[in-house]
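Positions 17 to 172 (this note's numbering) are the ones given, in order, by the sequence shown.
Cβ atoms here follow ideal geometry from the backbone N, Cα and C, with glycine treated the same way.
First the structure, in the form of C-alpha cells, and then the observations on it.
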Amino acid sequence: MDGPSGSGKSTFAARLAVELGATVVPTDHFATWTDPVSWWPRLIADVLDPLRHGREARYRRVEWPGGVPRLGAEVHVPVPDVLVVEGVSAARRSIAPHLDEAIWVEVPDAEERLRRAVGRDGEASRAHLRRWQAFERGWFAVDGTRARADRIVTPD
C-alpha cells in the first residue's frame with residue numbers, strides 16, 4: 017500500500033487488518049528522514065523472504081528517542097494469511113515481484129495532506145514534512161508507482 021504522506025495509508029491499512037485479519041508491516045519501521053528508500057534490502061531479507069518460505073519474520077524497527085532514529089525493539093511477524101506492507105515506496109517498481117497487489121492511496125490536495133501529516137506528527141515536523149513531500153513527488157514521478165497500482169483509493 018503506497019501513496020503520499022498524509023493520504024491515509026496507515027488508517028486504511030489498519031481497517032484492512034481488522035476486516036481481513038491482515039498483518040501490517042509499516043515502512044515507517046524502516047525508513048528515516050535521511051534514508052527514505054534505500055533500506056529495502058533489510059525489509060526483503062528480514063520480513064518478505066522468511067514469510068514467503070513459511071517462516072516467522074523478525075526485524076528491528078526504527079525508533080526515534082529524542083528525535084534521533086536508531087534501531088530499536090525487535091518485531092516478530094508470524095506467517096500471516098494476508099500481509100500488508102504500508103508506506104511511501106511500499107509498491108516501488110523493484111518490489112513488484114514480491115507483491116500480489118499494489119494499492120495506491122491518495123488525497124489529491126498536497127496542502128490537505130500536509131495538514132493531516134502535521135496533525136499526526138506535530139507542528140515541529142512541518143519543515144521535515146515539506147521536504148519529504150518534495151522528495152516523494154520526485155520519487156513517485158521517477159518510479160511511476162501510481163500508474164502501476166492495481167487499485168487507487170481516495171479515503172473519505
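Endpoints, the beta strand (DSSP E) within which residue i is located
i, result
"histidine 92", "86-93"
Test: residue i CB closer than 7 Å to a CB of chain E
i, result
"threonine 43", "As a matter of chain content, chain E is missing from the structure shown, which is built from one protein chain."
Opposing strand residues paired with residue i [DSSP bridges]
i, result
"threonine 39", "Leu99"
"glutamate 79", "Arg86"
"phenylalanine 169", "Note that residue 169 corresponds to valine in the displayed sequence, not to phenylalanine. The partner list for valine 169 (beta bridge, DSSP) reads Val121."
Cα-Cα separation between residue i and residue j, rounded to whole angstroms
i, j, result
"alanine 61", "alanine 163", "27 Å"
"glycine 83", "alanine 143", "14 Å"
"aspartate 116", "glycine 19", "17 Å"
"phenylalanine 46", "alanine 73", "14 Å"
"arginine 76", "glycine 88", "6 Å"
"valine 100", "tryptophan 148", "23 Å"
"valine 123", "arginine 129", "7 Å"
"leucine 32", "serine 23", "16 Å"
Segment limits, alpha helix (DSSP H) that includes residue i
i, result
"leucine 115", "Note, leucine 115: premise wrong, no alpha helix (DSSP H); not H, not E."
"alanine 126", "126-137"
"glycine 154", "142-159"
Inset, instruction - Kindly confirm or deny that the region 64-78 and the region 89-100 touch, where touching means at least three C-beta pairs closer than 8 Å. - result: yes
Inset, instruction - Tell me the start and end of each unbroken beta strand (DSSP E) in the region 26-73 that is at least 3 residues and wholly inside, in chain order. - result: 39-42
Inset, instruction - Check whether the region 103-113 touches the region 40-53, counting contact only when three or more Cβ pairs, one atom from each stretch, lie closer than 8 Å. - result: yes
Inset, instruction - Mind the definition here: the region 30-40 touches the region 127-140 only if three or more C-beta pairs lie below 8 Å; say whether that holds. - result: no
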